[in-house]
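Per this note's numbering, the very first residue in the sequence shown carries number 8; after that it's consecutive. No residue lacks a Cβ here, since even glycine has one placed at the ideal position from N, Cα and C. Small disclaimer: the values here were computed from a predicted structure and weren't measured.
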Amino acid sequence: MSGRFRRGLRMLSASAVVAGVISGTAGGAVAGAAPVVHRAPWGGYEEVWVPSDMGPIKVQIQWAKRGGSAALYLLDGMRARNDYNAWTRDTNALAQYANDNVTLVMPVGGESSFYSDWMAPSNFNGQQNAYKWETFLTKQLPDYLATRGVSRSNNGVLGLSMGGSAALTLAAYHRDQFKFAGSLSGYLNISAPGMREAIRVAMLDAGRFNVDSMWGPPWSQSWLRNDPFVFAPQLRGLSLYVSASSGLPGPLDHPSAPIDYYNTANAMGLEALALANSRAFQVRLDTLGVGATYSFPANGTHSWPYWESELWKARPQILDTLNAW
């Protein structure tokens, strides 16, 4: 898996973020030293380190323009990096929400984690501590953000690919925290034939992570707990946004060299699989009478330009749900 897929999941492309957006307090503030305040900072960008069961976690934050208490968590993909969240580099997400009264919360790290609490450290790559991402995102990070004036209950969560299913999982099991959940090109039917095997292979390729350390063997209850198709009834009443493209190259694909065409072909296959999963999930929600907003463009591959576009499309729904205009 490489090229535009690696670009989507390794987050190596470097599309520029408007310089004026990345203003305010930059650097590595220590979360534990943050004072208790009644309102969030009014706008600006900050990087903090928040204590967790995994050790200190870097979090990139763009504060609400007018000090509002709403927050939108943006989750990364399978090849999430340890130095930045790709929403801050590979999209214009910061610029999109620069004038809105919502804080963008972008945790850094979590390669192949599905933002889940793992059963054990991955024994294939020498991981020292088991991932505890669900605990971090629903307890330790909200605890810290509350000291900065961010609400514990007026939040949304959105992710792409791996982060898409994770966003729905977090929202389903933490309804007191999240009012909105969005999946962009997510794999939302992981019990479908071949999906568990595909996830195993993908995680081996992305950091040599052992999927059995995450949720145990494929027949375990933990797999079902983290399958959006299975827990779909628990999403009733949430504001939901689900998107995936056809996989056919569109206006934001610009292959030129032979390797570009090869990489685009990989991204086409991944997006087609995401579309099949998302369409099956749509049928599941319709059967349950659970409402959602769907976006299934006729063209588009598994890559950041399309996720950037979908984030913009989802923006009015997010701001309405969180009352964050």
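- Measure the Cβ-Cβ separation of Asp83 and Gly189 and say whether it is below 8 Å. no
- Task: Give the secondary structure of Leu295 by DSSP, where H, G and I count as helix, E and B as strand, and everything else as coil.
- Result: Of the three classes helix, strand and coil, the one that applies to Leu295 here is helix, per DSSP.
- Query: Are Ala299 and Val157 touching if we call contact CB-CB under 8 Å?
  - Reply: no
- Message: Quick check on Arg215: buried or exposed, where buried means 16 or more other Cβ atoms within 10 Å of its Cβ?
- Response: exposed
- How far does the alpha helix (DSSP H) with Gly177 in it reach, from first residue to last? It is Leu, not Gly, that sits at residue 177 in the sequence shown. In the DSSP assignment, Leu177 falls within the unbroken alpha helix (DSSP H) covering 169-180.
- Candidates Arg243, Tyr122, Ala105: which alpha carbon is nearest Met61's? Tyr122
- Message: Which same chain residues end up closer than 8 Å to Arg73 when comparing Cβ atoms and leaving out the 5 residues on each side of it in sequence?
- Response: Cβ neighbours of Arg73 beyond the five flanking positions: Trp49, Gly50, Asn108.
- Message: Using a Cβ distance threshold of 8 Å, determine whether the region 184-204 contacts the region 262-276, with at least three qualifying pairs required.
- Response: no
- Check whether the region 97-108 touches the region 126-141, counting contact only when three or more Cβ pairs, one atom from each stretch, lie closer than 8 Å. no
- Task: Excluding the 5 residues preceding and the 5 following Gly117 in the sequence, name in chain order all residues of the same chain whose CB lies nearer than 6 Å to its CB.
- Result: Ala87, Trp140
- Task: Reducing DSSP to helix, strand and coil, say where Phe185 ends up.
- Result: Three-state result, Phe185: strand.
- Touching or not, the region 150-167 and the region 216-235, by the rule of three or more beta carbon pairs under 8 Å? no
- Query: In chain order, what residues of the same chain have a beta carbon less than 7 Å from the beta carbon of Pro240, not counting five sequence neighbours either side?
  - Reply: Leu295
- Task: Drop a sphere of 10 angstroms on the beta-carbon of Pro323, count the other beta-carbons inside from all chains shown, and report buried for 16 or more, exposed for fewer.
- Result: exposed
- Between which two residues does the beta strand (DSSP E) carrying Gln69 extend? Looking at the DSSP string, the run of the beta strand (DSSP E) that includes Gln69 is 64-69.
- Message: In the DSSP assignment, the beta strand (DSSP E) including Val112 goes from what residue to what residue?
- Response: Judged by DSSP secondary structure, Val112 falls within the beta strand (DSSP E) whose first and last residues are 109-114.
- Three-state secondary structure (DSSP) at Gly244? coil
- Message: Please state the DSSP three-state secondary structure of Lys146.
- Response: helix
- Item | Coarse secondary structure for Val157, derived from DSSP in three states | In this structure, Val157 counts as coil in the three-state DSSP scheme.
- Check Ser328 in the structure and name its three-state DSSP category. Checking the sequence, you will find Thr at residue 328 rather than Ser. Thr328: helix per DSSP, three-state reduction.
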